[in-house]
Amino acid sequence: MDLVALADFNLVARHGGFSKAAREANRPKATLSRRVAEFEAALGLRLFERGGRDLKLTEEGRALYERSAKLLTDLDETVTAIASGGETPRGHMKISAPLLFCQIAMGEVAARFAAAYPEVQLEVITEDRAVNMVEEGIDLVIRINPSADANLVGRVFLRDYQVVVAPPGLKRPSARKAVPAIVRSTDWKQTSWRLRHGGDGIEKVDIEPILSLSSLVMVRDALRDADAAAALPYSLVHNEVERGNLVLWGELDAPRTELWALYPSRRLLSSRVSAFLAHLKAIFPTGSADELAAFVR
161 MDLVALADFN LVARHGGFSK AAREANRPKA TLSRRVAEFE AALGLRLFER
211 GGRDLKLTEE GRALYERSAK LLTDLDETVT AIASGGETPR GHMKISAPLL
261 FCQIAMGEVA ARFAAAYPEV QLEVITEDRA VNMVEEGIDL VIRINPSADA
311 NLVGRVFLRD YQVVVAPPGL KRPSARKAVP AIVRSTDWKQ TSWRLRHGGD
361 GIEKVDIEPI LSLSSLVMVR DALRDADAAA ALPYSLVHNE VERGNLVLWG
411 ELDAPRTELW ALYPSRRLLS SRVSAFLAHL KAIFPTGSAD ELAAFVR
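Our numbering runs 160 ahead of the 1-based position in the sequence shown.
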């Protein structure tokens, strides 16, 4: 593989044409065009569609660009780090993280990281959707209970669980009487909760949703002015329970929550990502819900 030719191909693909790439790199357009044509011939592939005014990647060209762009960046940063005498984290790092974690802790976590590693330009995107890390240039994703993905590896750095809480004035319901409940939008049709009571004991609590909200933070805040109960992460309500603003009814009989930090498995871990993973470990050494609760204001 001709790495120089691969770099020229990436330069043209990134800028969407030979003219713009030539201007940005201060190189002759004819040289770039010839180098890419020779690269295509060596591979036996057509990487660009040259018809019309716009230069577009072919399917093979897009696949090569998606897989090679990040590798070339990492290679360049590795050479730079070695030349400077160490693996000091530097450069741009993009992280995708879920809404609730960002609302609770990510601002402070990111600020501490930026202070510790001033040569890293950290960008955090708040989203809960599945992302294509290579195509979208994402270095690290944080996800809650992610499904298995052969292309990603990572580690659990936090664990949490769901509890049912209510204002002190709301009495626990008697048998066969539904309790008013505030729920997430996705749980609007839910009719009951199952609470754990030591050992294998389970208590069923019938509920009647009176308010549906899309954010768990909004659900917690609504409890302050509503005569209703809600099922929420322990970390989100721990402080309110400690202050006596909410009463804990019990733990929800549901799978526990795990927060994972994930990255592509088929490339070496950059010094930036390694530093951020170590940063998470230092902030959440045991990964307990109490450690996350400490960030809740």
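Just so it is clear, CB atoms sit at the ideal spot from N, CA and C, and this is done for glycine as well.
As assigned by DSSP and simplified to three states, the class of residue i
{"i": "threonine 417", "result": "strand"}
{"i": "glutamate 283", "result": "strand"}
{"i": "serine 256", "result": "strand"}
{"i": "glutamine 151", "result": "Residue 151 is absent from the structure shown; the chain starts at 161 and stops at 457."}
{"i": "tyrosine 277", "result": "coil"}
{"i": "lysine 230", "result": "helix"}
{"i": "glycine 177", "result": "coil"}
{"i": "glycine 245", "result": "Note that glycine 245 has pLDDT 48, beneath the 50 cutoff, so the model's placement of it is unreliable and the number below is only indicative. Here glycine 245 sits in coil by DSSP."}
{"i": "serine 458", "result": "Any question about residue 458 goes unanswered here, given that the chain covers just 161 to 457."}
{"i": "glutamate 272", "result": "First, the residue type needs correcting, since residue 272 is arginine and not glutamate in the sequence shown. Reduced to three states, the DSSP call for arginine 272 is helix."}
{"i": "arginine 332", "result": "coil"}
{"i": "lysine 337", "result": "coil"}
Contact under 9 angstroms by Cβ, residue i with residue j
{"i": "alanine 308", "j": "proline 340", "result": "no"}
{"i": "valine 456", "j": "alanine 391", "result": "no"}
{"i": "lysine 254", "j": "leucine 300", "result": "yes"}
{"i": "lysine 364", "j": "serine 374", "result": "no"}
{"i": "alanine 181", "j": "histidine 175", "result": "yes"}
{"i": "alanine 173", "j": "phenylalanine 199", "result": "no"}
{"i": "leucine 205", "j": "glycine 221", "result": "yes"}
{"i": "leucine 440", "j": "leucine 429", "result": "no"}
Supposed contact pair residue j and residue i - C-beta distance, whole angstroms, cut 8 angstroms
{"i": "leucine 452", "j": "aspartate 320", "result": "6 angstroms"}
{"i": "tyrosine 394", "j": "alanine 449", "result": "5 angstroms"}
{"i": "arginine 336", "j": "glutamate 411", "result": "Contact flag wrong, Cβ pair sits at about 23 angstroms."}
{"i": "alanine 386", "j": "glutamine 322", "result": "Going by Cβ atoms, the distance from alanine 386 to glutamine 322 rounds to 19 angstroms, so no, they are not a contact pair."}
{"i": "leucine 260", "j": "leucine 376", "result": "6 angstroms"}
{"i": "tyrosine 225", "j": "asparagine 170", "result": "6 angstroms"}
{"i": "leucine 422", "j": "leucine 318", "result": "About 13 angstroms; that fails the 8 angstroms criterion."}
{"i": "threonine 233", "j": "alanine 257", "result": "Contact flag wrong, Cβ pair sits at about 21 angstroms."}
For residue i, the nearest candidate out of the options (CA to CA)
{"i": "valine 280", "options": "Ser193, Glu296, Met266 and Gly251", "result": "Gly251"}
{"i": "leucine 371", "options": "Asp381, Ile362, Lys364 and Glu287", "result": "Asp381"}
{"i": "threonine 248", "options": "Lys216, Ser431 and Leu437", "result": "Ser431"}
{"i": "isoleucine 304", "options": "Val294, Arg315, Gly297 and Glu295", "result": "Arg315"}
{"i": "glutamine 350", "options": "Ile362, Pro369, Gly361 and Ser334", "result": "Pro369"}
{"i": "proline 328", "options": "Ala197, Leu440 and Leu406", "result": "Leu406"}
{"i": "glutamate 400", "options": "Thr417, Ala454, Pro424 and Leu217", "result": "Ala454"}
{"i": "histidine 398", "options": "Val324, Ala202 and Ile362", "result": "Val324"}
Paired residues, beta bridge with residue i - DSSP
{"i": "aspartate 162", "result": "DSSP, once it has assigned bridges, lists no residue as partnering aspartate 162."}
{"i": "glutamine 322", "result": "Pro393"}
{"i": "lysine 364", "result": "Arg354"}
{"i": "valine 313", "result": "Tyr423"}
{"i": "valine 196", "result": "According to DSSP, valine 196 bridges with nothing at all."}
heavy atom of the ligand MN below 8 angstroms from residue i C-beta
{"i": "arginine 332", "result": "This structure simply doesn't include the ligand MN, nor any ligand for that matter."}
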